[in-house]
Amino acid sequence: MSVAGIKLNPAIAKPTSNGQIHCIVCNTQVKPKIWTAHLNGKKHKDSCERLKQQLVSSVKRTNNSASLGSEAPPAKKTKEPRLRLPLFFLFHGVPQGFFDDKRRDGMVRETIENEAHMNEEYDRLMRELNEKHIEEEAKVFAAVQVNADEQMEKWMLLNAMEKLKESKLQEVSFSLLRYARLTSLMAILKG
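Numbering (the numbering used here), first residue to last: 451 to 641.
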């Protein structure tokens, strides 16, 4: 990974001539491959915190020195209390339902009914999907089970064939050994 492929914040890092990245916060050189890990590392975060604290303390010092020079602090604006009337005062004597809008009320009722219907549809759909998912899993499990059984039968057949081959080889080698003995015995008898 090269430095060109990494997005660097110029306030905390700059590329070096040897292809590495110089972390200004930690004052260390880091390979581009591990730059992200360095940013997330404890040492880098501690260094950032230390710099922030130094910055805050220097700002406080400059504010304190500036406030020492001025004689009178600026006057704060005082909030003027707002006059509020209670709600019962505003709606006293108005009959219930006076401000109701039948059209909007009907729309709200329809929306609530539609939402309930949609929730029922969604629940039914999710149940169907869950059932289909369970059925598919059962089919896959059955197919795997059948495949495993077939595989086991083939292995058993192969094992039986190997045993048969070994027994035939032993018979042939025994026959060859007996033939060799008979041949050598006949050679001895002739000679």
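Even glycine gets a Cβ: it sits at the ideal position worked out from N, Cα and C.
Because the structure is a prediction, the values reported are computed rather than measured.
{"query": "For residue 452 and residue 511, the rounded distance between their alpha carbons", "result": "42 Å"}
{"query": "Helix, strand or coil at residue 480 [DSSP, three-state]", "result": "strand"}
{"query": "Test item: CB-CB of residue 642 and residue 462 under 8 Å", "result": "Only positions 451 to 641 of the chain appear in the structure, and residue 642 is not among them; the question remains open."}
{"query": "Alpha-carbon spacing of residue 472 relative to residue 577, whole angstroms", "result": "57 Å"}
{"query": "Residue 568 to residue 579 span [Cα, whole Å]", "result": "16 Å"}
{"query": "8 Å Cβ cutoff met for residue 470 and residue 460", "result": "no"}
{"query": "Range of the contiguous alpha helix (DSSP H) that encloses residue 487", "result": "485-490"}
{"query": "Collapsed DSSP secondary structure at residue 637 in the structure displayed", "result": "helix"}
{"query": "Assigned secondary structure, residue 552 (DSSP; H/G/I helix, E/B strand, else coil)", "result": "helix"}
{"query": "Segment limits, beta strand (DSSP E) that includes residue 460", "result": "Element bounds for residue 460: n/a, residue is neither H nor E."}
{"query": "Burial state of residue 485, where buried means 16 or more other Cβ atoms lie within 10 Å", "result": "buried"}
{"query": "Cα-Cα separation between residue 493 and residue 588, rounded to whole angstroms", "result": "52 Å"}
{"query": "Boundaries (first-last residue) of the beta strand (DSSP E) holding residue 471", "result": "471-473"}
{"query": "Residue 573 to residue 601 span [Cα, whole Å]", "result": "42 Å"}
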